[in-house]
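Colleague:
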Amino acid sequence: MSRLEIHQVPVLSDNYVYLAHCPETGATGVVDPAVAGPVLEAAEARGWTVTHILNTHHHGDHTGGNLEIKAATGCAVVGPGPDRDRIPGIDVEVDEGDTYRLGNAAAEVFFVPGHTRGHIAYWFAESQALFCGDTMFAMGCGRLFEGTPAQMWRSLRKLMALPGETRVYCAHEYTQANGRFALSVEPGNRELARRMAEVDEKRANGIPTVPSTIAEELATNPFLRPESPLLQKTVGMAGADPVAVFAETRARKDNF
Ligand code: ZN
Ligand code: FE
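Here my numbering = 1-based position in the sequence shown + 217.
#1: Taking the alpha carbon of residue 440 as the reference point, which residue from 389, 224 and 355 has its own alpha carbon closest?
#2: Return the chain-ordered list of same chain residues with a C-beta closer than 7 Å to the C-beta of residue 406, the five sequence neighbours on each side being excluded.
#3: The ligand ZN heavy atoms versus the CB of residue 279: any closer than 7 Å?
#4: Between which two residues does the beta strand (DSSP E) carrying residue 348 extend?
#5: Answer yes or no: the CB of residue 359 versus the heavy atoms of the ligand ZN, is any distance below 7 Å?
#6: Does the pairing of the segment 313 to 326 with the segment 234 to 241 give three or more beta-carbon distances under 8 Å?
#7: Looking at the secondary structure, which residues open and close the beta strand (DSSP E) in which residue 222 lies?
#8: Check the Cβ-Cβ distances between residue 449 and every residue of chain C, and say whether any is below 8 Å.
#9: Measuring only the C-alpha atoms, how far is residue 413 from residue 393?
#10: Taking the alpha carbon of residue 254 as the reference point, which residue from 221, 368, 366 and 283 has its own alpha carbon closest?
#11: Less than 8 Å between the C-beta atoms of residue 294 and residue 270, yes or no?
#12: Does the Cβ-Cβ distance between residue 330 and residue 364 come in under 8 Å?
#13: Which residue from 409, 340 and 286 puts its Cα closest to that of residue 377?
#14: Flag this pair as yes or no: are the beta carbons of residue 249 and residue 273 separated by less than 8 Å?
#15: In the segment 268 to 342, which residue ranges form an unbroken alpha helix (DSSP H) of at least 4 residues, counting only runs that do not cross its ends?
#16: May I have all residues whose beta carbon comes closer than 5 Å to any heavy atom of the ligand ZN, sorted in chain order?
#17: Roughly how many angstroms lie between the CA atoms of residue 455 and residue 466, to the nearest whole one?
Here is the structure:
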C-alpha cells in the first residue's frame with residue numbers, strides 16, 4: 218500500500234484541483250479538474266504524468282478539464298456510475314462500497330448525494346485523505362441542488378464517521394464566508410472562534426485554509442452539528458430531529 222503525494226492546484230476564482238501521485242508506481246490522479254491547462258502544467262512541473270481523472274460530480278467546475286486532459290494524456294476518467302451520462306469522457310464507473318486503485322493506493326468510494334443526485338467521495342485510508350468535492354467544505358456543506366436535507370445529512374454522516382485525522386480535501390476555498398455564517402449560528406463555540414481567527418489570518422496572507430481534518434470539522438462545522446444544543450437554541454429548535462435542524466441551518470445559510 219502506498220501513501221499518496223498530494224498537490225493542491227488553485228484554479229478559477231475559488232476552486233481547488235488536486236494531483237494525487239503514487240510514488241511507487243508513478244500513477245497520478247487528478248481530482249475534479251475544473252480546467253486543463255494549469256493542471257497539466259502543475260503535473261509537468263513535478264515530472265508527473267496524469268494517468269487518471271477522479272470526478273466527484275458532474276458540475277462544470279469539476280469536470281471542465283476532463284476531455285482536454287484525457288486527449289493530452291490518454292488517462293482514464295473515473296466517476297460516479299449513477300451519474301455516468303453527465304461525466305464527460307467517463308471510462309470507469311464507481312459507486313458506494315467500491316474500492317478503486319490509483320497505483321498502489323486504494324480509495325474507498327462513498328455515494329454521497331445531496332449537492333447533486335450522483336455525487337461520490339473518495340477516501341484513501343492509508344493516505345488519510347478524503348476527496349469530497351462539494352459535499353463537505355471547511356465549516357460548510359454544498360448547496361442542495363438535487364437532493365433533500367435528509368439525503369445530505371445521511372451523506373455527511375458517512376464522512377463524519379471517518380478517523381478524526383483524515384484530511385478533508387474539498388473543492389472550494391469557501392472557508393471564510395462559511396465561518397462567518399458558522400459564528401452566527403454558534404456564537405459561543407470557542408473552538409469555532411479560535412479556528413476563525415486562524416482562517417482570517419491565513420486568508421489575509423493568501424494561504425489556503427484547505428485541507429482541514431474531520432476532527433476540526435466535527436468541532437466547528439455547523440452542518441455537522443445539528444445535535445449541538447447551542448446551535449439548536451440559536452435556530453429555535455431545542456431537542457428537534459437532526460434532519461430538521463440541518464435543513465433549517467442549510468436554509469439560513471442560503472439566505473445569509
Ligand atoms: Zn458542485
Ligand atoms: Fe463546485
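Glycine is no exception: its CB is placed at the ideal position from the N, C-alpha and C atoms.
Modeller: Looking at the atomic coordinates:
#1: Here residue 440 is taken as the residue at index 223 of the sequence shown, counted from 1. When only C-alpha atoms are compared, the closest one is 355.
#2: For this step, residue 406 is matched to residue 189 along the sequence shown. Result list for residue 406: 437 and 447, in chain order.
#3: One-based indexing of the sequence shown puts residue 279 at position 62. Yes.
#4: Position 131 of the sequence shown, counted from the start, is the residue given in the question as residue 348. Residue range 346 to 350 is occupied by the beta strand (DSSP E) that includes residue 348.
#5: Your numbering for residue 359 matches position 142 in the sequence shown. For the ligand ZN, at least one heavy atom lies less than 7 Å from the Cβ of residue 359.
#6: With the rule of 3 Cβ pairs closer than 8 Å, the segment 313 to 326 counts as touching the segment 234 to 241.
#7: The residue given as residue 222 occupies position 5 in the sequence shown. According to the DSSP assignment, residue 222 belongs to the beta strand (DSSP E) that extends over 222 to 228.
#8: Among the chains of the structure shown, chain C does not appear; only one protein chain is present.
#9: As a working note, residue 413 is residue 196 in the sequence shown. As a working note, residue 393 is residue 176 in the sequence shown. Computed Cα separation, rounded: 7 Å.
#10: The residue you call residue 254 lines up with position 37 of the sequence shown. Relative to the Cα of residue 254, the nearest Cα in the group 221, 368, 366 and 283 belongs to 283.
#11: Numbered from 1 along the sequence shown, position 77 holds the residue referred to as residue 294. Numbered from 1 along the sequence shown, position 53 holds the residue referred to as residue 270. Taking 8 Å as the Cβ cut-off, residue 294 and residue 270 qualify as a contacting pair.
#12: Counting from 1 along the sequence shown, the entry for residue 330 is found at position 113. Counting from 1 along the sequence shown, the entry for residue 364 is found at position 147. Less than 8 Å divides the Cβ of residue 330 from the Cβ of residue 364.
#13: Counted from its first residue, the sequence shown places residue 377 at position 160. Among 409, 340 and 286, the Cα nearest to that of residue 377 belongs to 340.
#14: Here residue 249 corresponds to residue number 32 of the sequence shown, with the count starting at 1. Here residue 273 corresponds to residue number 56 of the sequence shown, with the count starting at 1. Closer than 8 Å, so yes.
#15: Within the segment 268 to 342, the alpha helix (DSSP H) runs of at least 4 residues that lie entirely inside it are, in chain order, 277 to 280 and 283 to 290.
#16: Every residue passing the under-5 Å Cβ criterion appears here: 276 and 351.
#17: One-based indexing of the sequence shown puts residue 455 at position 238. One-based indexing of the sequence shown puts residue 466 at position 249. So the two alpha carbons sit approximately 13 Å from each other.
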